[in-house]
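Chains as they are written, first to last, in this note's numbering: chain R, 1 to 278; chain D, 279 to 891; chain H, 892 to 1127; chain E, 1128 to 1238. Quick reminder that beta carbons are idealized off the backbone N, C-alpha and C, glycines included. Just so you know, these numbers come straight off a predicted model, no measurement behind them.
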Amino acid sequence: MHAGIIFFLVILGSVLFHIFTPWYWTDVASNWGGMDDTITLTFWIGGGVFIAVCLFMVYCVFKFSYKEDRKAEYKPEDKKLERILTWATTLGVAALLAPGLIIWNQYVNVPKNAIEIDVMAWQWGWQYRLPGEDGKLGTTKVVNINDDNPFGINLDDPYGNDDVMIQSDVINLENNRPVKILLRSVDVLHNWYVPQFRAKMDAVPGIVTYYWFEPNKVGEFEVLCAEYCGVGHYAMRGGVEVQDKQDYDNWLQQQETFSDLIAKQEILETSKTKLAKK
Amino acid sequence: MSEDFNDNKTIQAQSSETISGGGGSGLSPDKDYVRPAEISEQDLYHGHSFITKWVFCQDAKVIGVQYFLLATFTGIIGLILSWLMRLQLGFPELAGFMTAEHYYQFVTMHGMIMVVYFLTALFLGGFGNFLIPLMVGARDMVFPYLNMVSFWMFFVAVGVLLASFFVPGGPTGSGWTLYPPQAILEGTPGSGYGIMLMCISLILFVAGFTMGGLNYLITVLQARTRGMTLMRMPLTVWGIFTATVLAMLAFPALLVGALMMSLDNVLGTSFFMPTILKAGEVLEYGGGSPILFQHLFWFFGHPEVYIVALPAFGIISDLISVHARKNIFGYRMMVWAIVGIGALSFFVWAHHMYVSGMNPWFGFFFATTTLIIAVPTAMKVYNWILTLWRGNIRLNTVMLWCLGFIVTFVNGGITGIFLGNVSVDVPLSDTYFVIAHFHMVMGIAPLMVIMGAVYHWFPLVSGRLLDEKLGKWHFWLTFLGAYSIYFPMHYLGFIGVPRRYFEMYDSPYMTSAVGMNEFISIAAFIVGAAQLILMYNIIKTLKVGKPAGHNPWKACSLEWLTPSVPPEHGNWGDKLPIVHRWAYDFSVPGAKEDFITQTTPPSEVANTEVEKT
Amino acid sequence: MSDPKIEGYVLKPGFRGMAEDTGSDQTMFKGVHWGKAMMWIFLLSDTFIFSCFLISYMKGRGSTLIDWPNASEVFGLHVFGVEVPLLLIAIMTFVLITSSGTMALAVKYGYEKNRKMCGWLILATAIGGLTFVGMQAFEWSKLIHEGVRPWENPFGAPQFGSFFFMITGFHGTHVSIGVIFLFIYAYKTFKGHYDEGKRGWFTSMKGDYVEIEILGLYWHFVDLVWVFIFAFFYLW
Amino acid sequence: MNETTKQEQTTTHKIGIYLWIWGLLFVLSFFSYMVDWYQFQGMLRWSLILVFMFLKAGLIMAFFMHLYWERYALVNVLLWPMTAIACFIFLMVAEFEYTVFTRLFYFVVGG
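Have a look at this one:
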């Protein structure tokens, strides 16, 4: 008997914990509210099943615990009941799967007007690159990376010259404009994850991965690395600042492009050679 | 050597016999007919010395106990590692001796030990060896020598694994998934010797396991006793059998992955290694694909989850049925669910990789297959609770573990639906939600089954019943403690706390988790310590426990029907048992007692409504 | 082999027979020796190993941007002043298939209790296998001489060398193990262990000519894998 | 099939069938070698390679390994797991195409 009561309290406690928990998700700050809705839906259906199954179990414990003079029912199977349960479960599962797949379809299909951002990860930090006026990012190679070319842009790629390079681990985004995050890594796996945006994807060395979202809350957010990347994993942070269009444009103006960088280097080189000549 | 075999023990006696020796009243030859033996009696090697009897022993039961003890030993190491991790997460100020390197090494070793060297070895090696021959009515495994080698290979594999704690650089700290390039890149703890030893240990484990697995499979398929059809086997055997099939087909992928990674590490090949820039230098790798390893790993890894889960499903079905004094509800459905889950498990592996950067279109395929698996799994849960319905439930320790299993398994199964459903997985993957999910569903739930099985079958192994009162304390501390570790942990995942963080650092929404982490750590210490109760119970029982006698639980299945308890080498004395029915004829209307054993011939229970299986 | 006779059980053909065998007691594979069933399941597991190797090879070869070396040139031989593509491989295939044929006949003669014939055929198989291993060693040394290494090669993508050495090495290991067992079994056959039912060195099993078939299964499997390696590695 | 039933219960097959299969294997191997000799390219090469490969594999399994004469219970158990392999192959083809696409697009071609 005690067992039944304790199990009942465990179920009750779980439900109460869920209702009153101070630990729950942060407010969503992107277009992926649909993920939250699907989670909520899963909670209702799944939670309902959990409670139903457990309460049924507790009821059985109360009602059918051992008595010397009673005999259990002998009923090897009940085809009808099993069929009903199978179909009901299938239906419930389909109800969960459908929104999941619909949202995934949106997740993998990037809107046309999304701005591409190259997020490059290394042990342990992030750096960002935006396409310049041509709206296209230049191609890259890991072997090209050096102090003069921090992103490893292919020098012969004309799209690369006007790429905007962010000299910080904080990236600014324009509010209500979709962004396509292009992730790459130069060493191990990383994962560019902002809990408030809900979305995430691994950065894998050797290929470029992507995902997209549309920020819809102005503010600052912290970027976490969500794929184990070595002993510095827990401290690998970055930042995102979502701004209105005006602020964003101002910020963009101040950033350096790749050709600026090259020009600067050339000036430096020439002055160095001049110095050397003197 | 040949004098060690009792060649002509009872070989021919069997095949000439056509009618079972029931000996009851109203013996009707037609009804009780079981066709003659097809396979000749097995020759067994009976050891004489201590070494051949207890060390290099060819008796499956002894090998099972050996597996059990060694797996438990490694499991305790895994438990201690988890304590150290929880100490760091809950009370970092007390864990000043731990660096991030240590932490990640502990994470890795804890994961690998628990999944492969503890749970897999315990369920298949331990319970499989002990129970399969007894439950299908065989004298022993079909290849006893190979079976012995299997255990000693496992022994060496564990040795190699533990040796990695003592090599320069320590054990590998790349996470239990061993993802390259991390695993073999300098800077990761144990990137030299540690990962090498891990790969070698895994390869040895796979080789050893293959030997054992062949034994389990052929014993079930080809060495059942007369009358034992597949559909009369206890679900325990079904679970272990299907899990072994999965293991035989899934471990090759792990073997290949481990081998290729060793080559990347030692020879500098680039199977998994793309061009890598490390500390300003481009390494001499290029063109490889880290995702390939992930596919290989999870092609093994997902079936591996079911390698642990299916034996648990099987065992729990038997325990519930015996202690609810009621046949398992929907036996056929249960068998097909086990087989179906096993088959499907080969088509769902990439649901561990939704955000790994694989071809994004795979998401649709794998989400669908994954959620299809939920249906047979749910059916199993329904059938367990429907078995309780109108049963006559003994609320003893074994049943408590079963009930605990149902709660934790349903809980973990439902969170599995979150993670299997591709776009719901996106915000939750790589967070504490995942940790809570898989610990609940394949850590705690199988542990509940193991404990239940220990309390259930200990009388068979030792001949004595474990103490009930201590058992109940053990159960409640473990169950309530474990539940309060992992239930709240899901909510850390909702906040967005990523997994594998050495410390929570200073994010505003993560600092709110500090209190919870302390609570979880305390619960973890209590649960771990509670296992001492079991040890004390076992030691006490071995000394002064109540003798169990024959069939203390009044079960129907064959393992309780041996002529001696504990069973001797060869299991069945002179005559192999003859099976007439399934293993679940409990509370049959009209029968004298509330159970009819599998060997009871139909003529003895002619007036009852027994199931026609 | 063909259907056995079982007391008290009627073997039905086709799928009906499959259903009844599966539903029957004692054994599922009617009349199949334990060792033979074990070898089949082991080979199934081994198939997964080789499949994983070949799938990895496909994935690796498919996703590299550097050109894959032309197998027919790399493995060509220069004989009598003519460049013959894949000559060595063709001979190796020939040798392996020959040995597979002799093995199949050895199994047949074994079941017919023709000890001499069986023994000689196993010996022939072993020698065929040995020749194969020798030629593979020659091929390896030739490639290594040309500068192919597991981590690099002068002809193109570095993965070529890696996969080549790994897969053929793993297959070669299988062949070598097979050769060792073939010699042992040839010895045992000539000694008459299978006629007398002498027990093996380690196992408690009595000797029987079915063991020749079990070894034969393994040997044919090695040949089977070579068929796939030949197609995917040398012809692709 | 023509089977000679011997007195001592084990039945073996006529030697002719083995020699036939043996010969066929040589011929098929020769054909697949010819695929390379004549340097067929593209789909033709692929389909020829695969056809000869599967024919050879099938002959070895069916006759040398006696699967043709085995009972379906065994054959079935051996062949069903191949669906998992087929699925793995199919998905890995999709995967390497995707990998090579991202590599080409972001590291070489661009735009």
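- Residues of chain E whose Cβ lies closer than 8 angstroms to the Cβ of valine 1118/H are, in chain order, Met1180, Lys1183, Ala1184, Ile1187.
- Proximity of threonine 1080/H to chain E, defined by a Cβ-Cβ separation below 8 angstroms, is not satisfied.
- Excluding residues up to 5 positions away in sequence, nothing lies with its Cβ nearer than 6 angstroms to the Cβ of asparagine 250/R in the same chain.
- The DSSP assignment places complete alpha helix (DSSP H) segments of no fewer than 4 residues inside the segment 734-776 of chain D at 746-773, in order along the chain.
- Around glycine 232/R, the same chain offers Gln123, Trp124 as residues with beta carbons nearer than 7 angstroms, after the five sequence neighbours per side are excluded.
- DSSP, read as helix, strand or coil, puts leucine 261/R in helix.
- Under the three-state reduction of DSSP output, proline 22/R falls in the coil class, being neither helix nor strand.
- Contact annotation: in the segment 1033-1056 of chain H, no residue has its CB less than 9 angstroms from a CB in chain E.
- It is roughly 7 angstroms from the alpha-carbon of threonine 38/R to the alpha-carbon of glycine 100/R.
- Cβ-Cβ distances below 6 angstroms link lysine 136/R to Tyr159 in the same chain, with the five nearest sequence neighbours on each side left out; the list follows chain order.
- Runs of the alpha helix (DSSP H) lying entirely within the segment 471-552 of chain D, each at least 4 residues long, are 471-500, 513-544 in chain order.
- For the 8 angstroms CB-CB criterion, phenylalanine 1054/H and glycine 951/H form a contact.
- Bounds of the beta strand (DSSP E) holding histidine 969/H are 968-970.
- Annotation: Cβ neighbours of valine 208/R in chain E (cutoff 9 angstroms, chain order): Thr1229, Arg1230, Phe1232, Tyr1233, Phe1234.
- The beta carbon of glycine 565/D sits closer than 7 angstroms to those of Ser548, Pro552, all from its chain and outside the five residues before and after it, given in chain order.
- Under the 8 angstroms criterion on CB atoms, isoleucine 569/D is classed as interfacial with respect to chain E.
- Counting along the chain, threonine 648/D sits inside the alpha helix (DSSP H) bounded by residues 640-666.
- Shown here, tyrosine 382/D sits in a helix according to DSSP, grouped into three states.
- With contacts defined by Cβ atoms closer than 8 angstroms, threonine 42/R and leucine 85/R do not form a contacting pair.
- One finds Arg1198, Ala1200 in chain E with Cβ atoms closer than 7 angstroms to the Cβ of aspartate 912/H, taken in chain order.
- Ranked by Cα distance from alanine 373/D, the options Glu379/D, Leu362/D, Gly325/D are led by Leu362/D.
- With a threshold of 8 angstroms between beta carbons, tryptophan 1147/E makes no contact with chain H.
- Counting C-beta pairs closer than 8 angstroms gives three or more between the segment 665-682 of chain D and the segment 727-735 of chain D, which meets the contact rule.
- It is roughly 14 angstroms from the alpha-carbon of phenylalanine 1093/H to the alpha-carbon of lysine 1079/H.
- Among the residues of chain H, none has a CB under 9 angstroms from the CB of arginine 668/D; the nearest is roughly 30 angstroms distant.
- Boundaries around arginine 1230/E are those of the alpha helix (DSSP H), 1209-1230, since no beta strand (DSSP E) includes it.
- DSSP places histidine 324/D outside both helix and strand once states are collapsed to three, so it counts as coil.
- Contact between glycine 46/R and isoleucine 692/D holds: their C-beta atoms lie close to 4 angstroms from each other, under 8 angstroms.
- In the structure shown, histidine 858/D adopts coil according to DSSP, grouped into three states.
- Straight-line measurement puts the Cα of proline 459/D at about 21 angstroms from the Cα of tyrosine 1233/E.
- Assignment of valine 888/D by DSSP, reduced to helix, strand and coil, places it in the coil class.
- For the pair isoleucine 171/R and tyrosine 228/R, the CB atoms are not nearer than the 8 angstroms cut-off.
- Counting C-beta atoms within 10 angstroms of its own C-beta, proline 737/D has 16 or more neighbours from the protein chains shown and is therefore classed as buried.
- With a threshold of 8 angstroms between beta carbons, methionine 1170/E makes no contact with chain H.
- Chain D has a Cβ within less than 8 angstroms of the Cβ of histidine 233/R.
- Chain H has a Cβ within less than 8 angstroms of the Cβ of phenylalanine 421/D.
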